[in-house]
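Asker: Protein chains in written order, with our numbering: chain A, 1 to 268; chain B, 1001 to 1268; chain C, 2001 to 2268; chain D, 3001 to 3268. Glycine is no exception: its CB is placed at the ideal position from the N, C-alpha and C atoms. Quick caveat, the model's predicted, so the values are computed rather than measured.
Protein chains: 4
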Amino acid sequence: MNDSTWSTSITQIKPNEIRIRGFRVEELMGKITFTEAIGLILTGEIPDEKVTRMLDAILVSSIDHGVTPPSTQAARDSATTGAPMNASLAAGILSINRYHGGAIADCMEMIQDSLCRCSEDNPKSCNSSSVEIARELIISYQASKKRLPGFGHRVHSKDPRTTRLFMLAEELGIAQNGVAMIKTLQNVIGDTGKELTINVDGAIAAVLVDMGIPNDLANAFFIMARLPGLVAHVYEEQTTQPPMRDIDVKLHRYNGPEDRNYTDEKHE
Amino acid sequence: MNDSTWSTSITQIKPNEIRIRGFRVEELMGKITFTEAIGLILTGEIPDEKVTRMLDAILVSSIDHGVTPPSTQAARDSATTGAPMNASLAAGILSINRYHGGAIADCMEMIQDSLCRCSEDNPKSCNSSSVEIARELIISYQASKKRLPGFGHRVHSKDPRTTRLFMLAEELGIAQNGVAMIKTLQNVIGDTGKELTINVDGAIAAVLVDMGIPNDLANAFFIMARLPGLVAHVYEEQTTQPPMRDIDVKLHRYNGPEDRNYTDEKHE
Amino acid sequence: MNDSTWSTSITQIKPNEIRIRGFRVEELMGKITFTEAIGLILTGEIPDEKVTRMLDAILVSSIDHGVTPPSTQAARDSATTGAPMNASLAAGILSINRYHGGAIADCMEMIQDSLCRCSEDNPKSCNSSSVEIARELIISYQASKKRLPGFGHRVHSKDPRTTRLFMLAEELGIAQNGVAMIKTLQNVIGDTGKELTINVDGAIAAVLVDMGIPNDLANAFFIMARLPGLVAHVYEEQTTQPPMRDIDVKLHRYNGPEDRNYTDEKHE
Amino acid sequence: MNDSTWSTSITQIKPNEIRIRGFRVEELMGKITFTEAIGLILTGEIPDEKVTRMLDAILVSSIDHGVTPPSTQAARDSATTGAPMNASLAAGILSINRYHGGAIADCMEMIQDSLCRCSEDNPKSCNSSSVEIARELIISYQASKKRLPGFGHRVHSKDPRTTRLFMLAEELGIAQNGVAMIKTLQNVIGDTGKELTINVDGAIAAVLVDMGIPNDLANAFFIMARLPGLVAHVYEEQTTQPPMRDIDVKLHRYNGPEDRNYTDEKHE
């Protein structure tokens, strides 16, 4: 057994005093947004306005994807048996793994590996050599029959979230080598005649690389983003469906608000 | 078995189109904050600026409470055995129940019961009668030896989050009968000579009553708020502590950033 | 905070010594069955041969129910996303609640309530009065539109596990008032012309009442029994199906061993 | 989306008929033990008497280890917050990973690798070469600073479960190359002067290798074995401890049955 003192640097608690990374929580309340608080608790500093807007976009992008994802199905399977909210959410989160939401860390690693090789091979002209590196990488994945993390989607051939994330990353000056490298990978794939486009995991991965977020936190972003969506599904299941029903995902019908546009232009 | 079509009103998915409560997700990205998206996905409408600021304050208030809460301990217990991030988070969420984080729904119900009795008994002069109702309620809880949900904390005798939440709720014009009723309850308890103050669960409960959030969503707010804190703890455990350690919570030491003030005044 | 010493009476650990309820574990290994050890750890004593055989029958009865139960679906939903075994099992267990596997405790309570009323009303002639009590109970459930726990099944109109459990309980001399009462309830329902038969949860509940198992342990029996079934499904999913597949339960086909008889007569 | 029919070979369900791997469940009830049913559902066949006795010993060996393991702590952390039984068990199971209970699969792989190299290098005289292979393996683990899976325990320097498992495996004629190889590994470690003995995970791993159980099922054996122990702890927590207590594992005191001997000799 290990009896020695251990350290934590997240939150300090004293009677009637709660300090998050050094700040009194009541001083932050009403002043910073939840997204800024997420940045603070994960990195130790309140992110600046641009990073915050990028984080908001990432979190909004993945907040929900309807009833078909395995995490949503597992959460509803749990809810229909009478589980409380937290247990249903846990079942959902347990269904976010390598093949669903969990490709972000793998894709970040792939991008970082590529960037490493890039800088080693040809430090001054990464652009010219990156195509070569991308080709080698894709050939090695094909040879070992591994899925390319961050590419392809069972519903979307051209994911609208990817386009928007890259646009924002450019606009906010966040896009750097990571975004460039994954786009190179996509181009190289396109050259081979395959239609395999960057999915939202891949786009988030590239942006997180450029934001300097550690890989080990990557999948947590998807989980944090998706949690409110899971809450909405569990609540809908609990309040509108009979218990112990046979959930046939194929037979669902959307009957929510009709198509509408968001016209508030406050950020642009 | 039940083969009939079932309805969902949260998100509509078509190839290359994702609509959250009617809005294209890519239109929301970069324009609304994560908190606004949480409001949208849970209620169907993007909350206005005041409600958003209140929601942000609620979510920030509960983002973390150091290493001692059972949810944090369970998440770290899981992480030290080598669990991946999502499994550790699930273990943490499974430890958020009636006696930790989960009193919000119970407290909302208690407030709503009191308000109901108030309006039935004396519809025109709730203020004068609410003290009577509060007295009866407290006597009935004492008689049945039930804990009063939303009151008392094992560390804080005067929770700074409670004070700040009520201040903001007043400032933003959100505080109504719910906040008034829980304050009445506290005053009545104070008159009996006991020192039992409103904790953060109680404060959130009162504000959610006044915002019209359904009780069944109440505990989800605590879970959504606390998730980033759990992420930070699991990440810290994974990256700074040896595996399979004997976690003695009493022996922890805070070694994070020193006390600092948040001086950005952008909201005030 | 509470610093006082707390007690546990399950297992005593010293260096190189593990005592389960007083017994050295290595003395039990090779001598008692897992089921006897389950009895020991839960009740403090090794059950006798008849009780052990009854426990075995209960555990065997609920070991699996194919791919359709929500717990199996949630476990497979988790597995298909790449979750490790333990996370998939946890997702499955989280989907065992009031409406699936979790009716055992509710049904035990209903039986015990009925037995209580029975002995209060008419201590000497429970048999004659139990029909009356059963009638009242069913009327009260119908009036409040509550499901009768332990009755009905979405697939089986006459559950073969129920028949067998009752037969064994009679044969082993375990069936007492609990089994009698649930059969009375079934008869009374039959008299009303409804076809609602005792399901496996109800049968287990009645037998557990007669074995004196506490209600709070009831659902645990279903969870312990079903765990190996969940293991088999997760393993089958991991080893025979592609990742991130769209699991349509309706489209499954059984391709396992053909119908066969168990001819070993060692117990009879 | 993939609409094709998929196969399962575990359990076939028809109205009023449940067949486990081909057998009617009611025919198995009362005839086979739970352990035999576990063997059946996992492998497709009812294990013979010797294998069943070995499986029983494995399951009994790991049924509980007192209050200190992380899985027990996580389950109690969850229970003290008011979680239902199944959620507390899930939290416990989520804390069974690589460094706690989860070394079985890793150790099996290590043993199998060693056996492979053994037969490749020197097919006819494995015994003489296995020491060499064990030495190489240990040097490579030391070089990469990896833990040797299945060796060492934070409480036991000589685990009584290990000794008993090996004794039974010999007695039942189950011990083969797997048990031999892990013993060779231990001897080679002993020669280096280190005191690192085979723990229960290692012993189970060696026996499972010799029983031909697939690696991917290995950790499931520990989880199935430990579940009843977790049930006992959650039940004890729920029924004997106050809610939301501060669980200090160091301050626990065993107050269960005194030391006693198991004198039933029915198997020997």
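What did DSSP end up calling I2096 (chain C) once you bin it into helix, strand or coil?
Answerer: Correct three-state label for I2096 (chain C): coil.
Asker: Could I get the ranges of all uninterrupted alpha helix (DSSP H) runs contained in the segment 3134-3168 of chain D, with 4 residues as the minimum, in chain order?
Answerer: You should have found no qualifying run.
Asker: Could you check the C-alpha separation between P2123 (chain C) and A2134 (chain C) for me, to the nearest Å?
Answerer: Interpretation of P2123 (chain C) is limited by its pLDDT of 47, a score under 50 that renders its predicted location unreliable; no figure is taken from the coordinates.
Asker: Verify the CB distance criterion: does A2180 (chain C) have a CB-CB separation below 8 Å to chain B?
Answerer: Closer than 8 Å: no.
Asker: Could you check if N2255 (chain C) is buried or exposed, using at least 16 other CB atoms within 10 Å of its CB as the buried criterion?
Answerer: It counts as exposed.
Asker: So F222 (chain A) and S62 (chain A) are in contact, right, with Cβ under 8 Å, and what is the actual spacing, rounded?
Answerer: Right, the Cβ-Cβ distance comes to about 6 Å (below 8 Å), so this counts as a contact.
Asker: Within 8 Å of any Cβ in chain A, is that where the Cβ of Y2141 (chain C) sits?
Answerer: So no, Y2141 (chain C) is outside the interface.
Asker: Comparing alpha-carbon positions, which option in B:G1202, B:T1068, B:I1020 and B:N1177 lies nearest R1117 (chain B)?
Answerer: The shortest Cα separation from R1117 (chain B) among B:G1202, B:T1068, B:I1020 and B:N1177 belongs to B:N1177.
Asker: Out of curiosity, what's the CA-to-CA distance linking V1200 (chain B) and A2205 (chain C)?
Answerer: Roughly 41 Å between the two C-alpha positions.
Asker: Roughly how many angstroms lie between the CA atoms of I3038 (chain D) and D2056 (chain C), to the nearest whole one?
Answerer: Cα-Cα distance, rounded: 11 Å.
Asker: For the alpha helix (DSSP H) holding Q12 (chain A), just list the boundary residues, first then last.
Answerer: Not the alpha helix (DSSP H): Q12 (chain A) falls in the beta strand (DSSP E), residues T11 to K14.
Asker: Mind pulling the chain C residues with CB within less than 8 Å of A944 (chain B)?
Answerer: Nothing can be reported for residue 944 (chain B), as the shown portion of chain B is limited to 1001 through 1268.
Asker: If you count every other CB in all the chains shown that lies within 10 Å of the CB of T2033 (chain C), and 16 or more means buried, which is it?
Answerer: The residue is buried, with at least 16 neighbouring Cβ atoms inside 10 Å.
Asker: Determine the direct distance from the alpha carbon of G2152 (chain C) to that of S3114 (chain D), and round the result to whole angstroms.
Answerer: Computed Cα separation, rounded: 54 Å.
Asker: What are the start and end residues of the beta strand (DSSP E) that includes I198 (chain A)?
Answerer: Note, I198 (chain A): premise wrong, no beta strand (DSSP E); not H, not E.
Asker: Please confirm whether G1022 (chain B) and R21 (chain A) have their CB atoms less than 8 Å apart.
Answerer: No.
Asker: I'd like the ranges of any beta strand (DSSP E) spanning at least 3 consecutive residues and lying wholly in the segment 3212-3254 of chain D.
Answerer: List check, beta strand (DSSP E) in window: 3252-3254.
Asker: To the nearest angstrom, report how far apart Q2112 (chain C) and V2209 (chain C) are at their CA atoms.
Answerer: Rounded to the nearest angstrom, the two C-alpha atoms are 8 Å apart.
Asker: Which of the three DSSP states, helix, strand or coil, is assigned to I2018 (chain C)?
Answerer: I2018 (chain C) falls in the strand class under three-state DSSP.
Asker: So, H1156 (chain B) versus M3244 (chain D), is the Cβ gap smaller than 8 Å?
Answerer: In this structure, M3244 (chain D) does not lie closer than 8 Å to H1156 (chain B) by Cβ.
Asker: State the Cα-Cα distance for the pair T2263 (chain C) and T1240 (chain B), rounded to the nearest angstrom.
Answerer: Spanning the two alpha carbons is a distance of roughly 58 Å.
Asker: Beta carbon of G2030 (chain C), beta carbon of R3053 (chain D): below 8 Å?
Answerer: A contact, by the Cβ cut-off of 8 Å.
Asker: If you draw a straight line from the alpha carbon of D1248 (chain B) to that of I18 (chain A), how long is it in whole angstroms?
Answerer: The alpha-carbon atoms of D1248 (chain B) and I18 (chain A) are separated by roughly 21 Å.
Asker: With DSSP as the reference, label T2052 (chain C) as helix, strand or coil.
Answerer: Helix.
Asker: Tell me which residues of the segment 77-101 of chain A have at least one Cβ-Cβ distance to chain D shorter than 9 Å, keeping chain order.
Answerer: Correct list: A83, P84, N86, A87, A90, A91 and L94.
Asker: Tell me, please, whether the CB atom of M1108 (chain B) is closer than 8 Å to any CB atom in chain D?
Answerer: It does not; no Cβ of chain D falls within 8 Å.
Asker: Give me the Cα-Cα distance between Q238 (chain A) and A1218 (chain B), rounded to the nearest whole angstrom.
Answerer: Their Cα atoms are separated by approximately 14 Å.
Asker: So for S3007 (chain D), helix, strand or coil by DSSP?
Answerer: It is a strand residue.
Asker: Does any CB atom of chain B fall closer than 8 Å to the CB of M3167 (chain D)?
Answerer: M3167 (chain D) does not count as touching chain B.
Asker: State the Cα-Cα distance for the pair D246 (chain A) and L3251 (chain D), rounded to the nearest angstrom.
Answerer: Taking the straight line from one Cα to the other gives about 47 Å.
Asker: Can you give me the Cβ contacts of W3006 (chain D) inside the same chain, cut-off strictly under 6 Å, excluding the 5 residues immediately before and after it?
Answerer: Excluding positions up to five away in sequence, the list is empty.
Asker: Please name the residues in the segment 2198-2219 of chain C whose beta-carbon is closer than 7 Å to at least one beta-carbon of chain D, in chain order.
Answerer: So the list reads D2216, L2217 and N2219, given in the order they occur along the chain.
Asker: Would you say D2038 (chain C) lies against chain D (beta-carbon separation less than 8 Å)?
Answerer: It should be pointed out that residue 2038 (chain C) corresponds to Ile in this sequence rather than to Asp. It does: the Cβ of I2038 (chain C) has a partner Cβ on chain D nearer than 8 Å.
Asker: Please classify G3101 (chain D): does DSSP put it in a helix, a strand, or coil?
Answerer: Residue state, collapsed to three classes: strand.
Asker: Cα separation between E1027 (chain B) and P69 (chain A)?
Answerer: Going by the C-alpha atoms only, they are around 22 Å apart.
Asker: From which residue to which residue does the alpha helix (DSSP H) around M3181 (chain D) run?
Answerer: Unbroken alpha helix (DSSP H) run through M3181 (chain D): N3177 to D3191.
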